[in-house]
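Q: Taking our numbering, the leading residue of the sequence shown gets 399, the next gets one more, and so forth. Every residue, glycine too, gets a C-beta built ideally from N, C-alpha and C. All values derive from a computational prediction rather than experimental measurement.
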Amino acid sequence: MAYTVPKLKSFSAATLDKAAEKLQAALKQESAAVKTEADWKSFRDRWIGRKNGVLTEINELWLKAAPKDAKREVGQRVNELKTSVTATVEKSRTGVTIVPAPAVAKVGVTMSTPVEPAALDITLPGIRRPLGSEHPVIRTMHEIVSVFRNLGYSVEEGPVIETDYYNFEALNFPPNHPARDTQDTLFIARQESKPQRERLLLRTHTSPVQIRTMEKMKPPVRIVIPGKVHRNDPPDASHSPMFHQVEGLAVDANITFCDLKGTLDHAMKALFGSSVKTSFRPSFFPFTEPSAEMMVSCFICGGSGKRGSEPCRPCKQTGWIEILGCGMVDPNVYGFVDYDPKKVSGFAFGMGADRIAILKYGVDDIQLFFNGDVRFLEQFG
Ligand code: DAH
Numbered sequence: 399m400a401y402t403v404p405k406l407k408s409f410s411a412a413t414l415d416k417a418a419e420k421l422q423a424a425l426k427q428e429s430a431a432v433k434t435e436a437d438w439k440s441f442r443d444r445w446i447g448r449k450n451g452v453l454t455e456i457n458e459l460w461l462k463a464a465p466k467d468a469k470r471e472v473g474q475r476v477n478e479l480k481t482s483v484t485a486t487v488e489k490s491r492t493g494v495t496i497v498p499a500p501a502v503a504k505v506g507v508t509m510s511t512p513v514e515p516a517a518l519d520i521t522l523p524g525i526r527r528p529l530g531s532e533h534p535v536i537r538t539m540h541e542i543v544s545v546f547r548n549l550g551y552s553v554e555e556g557p558v559i560e561t562d563y564y565n566f567e568a569l570n571f572p573p574n575h576p577a578r579d580t581q582d583t584l585f586i587a588r589q590e591s592k593p594q595r596e597r598l599l600l601r602t603h604t605s606p607v608q609i610r611t612m613e614k615m616k617p618p619v620r621i622v623i624p625g626k627v628h629r630n631d632p633p634d635a636s637h638s639p640m641f642h643q644v645e646g647l648a649v650d651a652n653i654t655f656c657d658l659k660g661t662l663d664h665a666m667k668a669l670f671g672s673s674v675k676t677s678f679r680p681s682f683f684p685f686t687e688p689s690a691e692m693m694v695s696c697f698i699c700g701g702s703g704k705r706g707s708e709p710c711r712p713c714k715q716t717g718w719i720e721i722l723g724c725g726m727v728d729p730n731v732y733g734f735v736d737y738d739p740k741k742v743s744g745f746a747f748g749m750g751a752d753r754i755a756i757l758k759y760g761v762d763d764i765q766l767f768f769n770g771d772v773r774f775l776e777q778f779g
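1. With distance defined between alpha-carbon atoms, name the residue in Ala568, Met692, Val731 nearest to Leu662.
2. Would you say Asp650 and Pro617 are within 8 Å of each other, going by their C-beta atoms?
3. How is Val487 classed by DSSP in three states: helix, strand or coil?
4. Looking at Leu425: is its Cβ nearer than 8 Å to the Cβ of Ala417?
5. Mind checking which residues open and close the beta strand (DSSP E) that includes Thr686?
6. So what does DSSP say about His540, is it helix, strand or coil?
7. So, helix, strand or coil for Gln643, using DSSP?
8. So for Arg679, helix, strand or coil by DSSP?
9. Just to confirm the assignment, what range does the beta strand (DSSP E) spanning Lys746 have?
10. Taking Leu662 as part of the alpha helix (DSSP H), name the residues at either end of that continuous run.
11. Please give the ranges of any beta strand (DSSP E) in the stretch 543-623, keeping only runs that are unbroken, at least 3 residues long and fully inside the region.
12. Taking the C-alpha atoms as reference points, what is the distance between Leu421 and Ala431?
13. Using alpha carbons as the reference points, say which of Ile586, Pro624, Ala517 lies closest to Tyr551.
14. Is the stretch 544-561 in contact with the stretch 663-671, if contact means three or more CB pairs nearer than 8 Å?
15. Hey, is Ser605 close to ligand 1, as in C-beta under 7 Å from one of its heavy atoms?
16. What is the residue span of the alpha helix (DSSP H) that Glu455 lies within?
17. In the DSSP assignment, what are the bridge partners of Met726?
18. Quick check: Val735 and Met612, are their CB atoms within less than 8 Å of each other?
19. Going by the C-beta, is Gln715 closer than 7 Å to any heavy atom of ligand 1?
20. Starting from Pro709, follow its DSSP beta bridges and name the residues at the other end.
21. For Lys504, which three-state DSSP category applies?
22. How about the stretch 438-446 and the stretch 466-478: do they share at least three Cβ pairs that are nearer than 8 Å?
23. Whole angstroms is fine: what's the gap from Glu720's alpha carbon to Arg595's?
24. How would you label Arg711, buried or exposed, when you count the other beta carbons within 10 angstroms and need 16 or more for buried?
25. When every heavy atom of ligand 1 is checked, does at least one fall within less than 7 Å of the C-beta of Cys724?
26. Alpha carbon to alpha carbon, what distance is there between Phe566 and Thr716?
27. Contact check, Ile621 vs Glu560 under 8 Å by CB: the rounded distance?
28. Return yes when at least one heavy atom of ligand 1 lies under 7 Å from the C-beta of Ala665, else no.
29. Give the secondary structure of Val476 by DSSP, where H, G and I count as helix, E and B as strand, and everything else as coil.
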């Protein structure tokens, strides 16, 4: 017969002793029968459960029912029994067989839900946090910038949302000049009420930062400008409406085209290996005069135009890769920044960082850089 808390006929010491003894005996017997986690839980609820637990019952039936003059004595015994019952319940927990939980190792259990030892399989692999790494385009920009930093250039940056003045006019693209058509521009809407030079657009090149820097700095100036630019080009394997450039500018007394050639030749050898050659051919940019395009000998086929018996695709079998635009700063530009073209001269250059990254890493589609697929990006980790 399971133990139930009896009502007491009297509250004499002898009756109390007897009742306590019976309770203890039942407690001992039932705790010995606890084998599993489930047994233990019902044992615990039966003895110390708030609603109908044995302890609650003795409180009700013994202590509360006791006459005033016996309360002290009864209270003491009830307290002793409480201590003994809770200690036994605690103790009987150790040694219970825990049925292994079918669940996977519990991740993120809170402090209030103790982890049952067998539910945690410590042989399972841990949570590995993937290591981040520099994006290949950003890495390429850093490499280019560091080549010029080693030559004493400092780094400047400017806004991506630019005014017509800095993007075009001060770079010697007059309003309505056809040279503007070479840079398909994304204009910010609803700017018509402003004077043209204040209208906003997404900069089409990093060259406006040349002007912004010369406005705030007197010569000598030696700067590199890494940054993001936009053009209204539909995306395909070699075009993206957003891409990256690194621009350079050196202005001082007596800077010549020889300085331009020497500097860029050195930079290309630092970037692509000491055996590459450079070659310049005439070009046109409104803000340089004379202007040139610079080629480097193909660092993939070594300038032969062939890879084994296959044609070399990156250089289109020519042995040369067009890498940047450059030239001597047009004297008209100095007029916009209050430099005296009779006293200073300088050169500038600009290159596409994405294109260089494509060539360096042998990537065949520029879109891969920007659609955020980690399987692609992981390869550069
Ligand atoms: N801004 C030019 C472009 O995006 C590139 C360029 C050419 C920059 C010649 C220069 C330069 O600084 O001198 O097409």
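A: Taking the structure as given:
1. Considering only alpha carbons, the answer is Met692.
2. yes
3. Val487 sits in a helix when the DSSP states are folded into three classes.
4. Taking 8 Å as the Cβ cut-off, Leu425 and Ala417 do not qualify as a contacting pair.
5. 686-695
6. In the structure shown, His540 adopts helical secondary structure according to DSSP, grouped into three states.
7. Strand at Gln643.
8. Arg679 falls in the strand class under three-state DSSP.
9. The sequence given here places Ala at residue 746; Lys does not occur at that position. Run containing Ala746: 743-750, per the beta strand (DSSP E) assignment.
10. 655-670
11. 559-561, 598-600
12. 16 Å
13. Measuring from the Cα of Tyr551, the nearest candidate turns out to be Pro624.
14. yes
15. yes
16. 452-456
17. Phe745
18. yes
19. no
20. Lys704
21. Summary for Lys504: the model assigns pLDDT 49, below 50, so the residue's position carries little reliability, and this model does not support an answer.
22. Segments in contact, no.
23. 32 Å
24. exposed
25. Shortest gap from the CB of Cys724 to any heavy atom of ligand 1: under 7 Å.
26. 34 Å
27. The pair is not a contact, with the Cβ atoms about 17 Å apart (cut-off 8 Å).
28. no
29. helix
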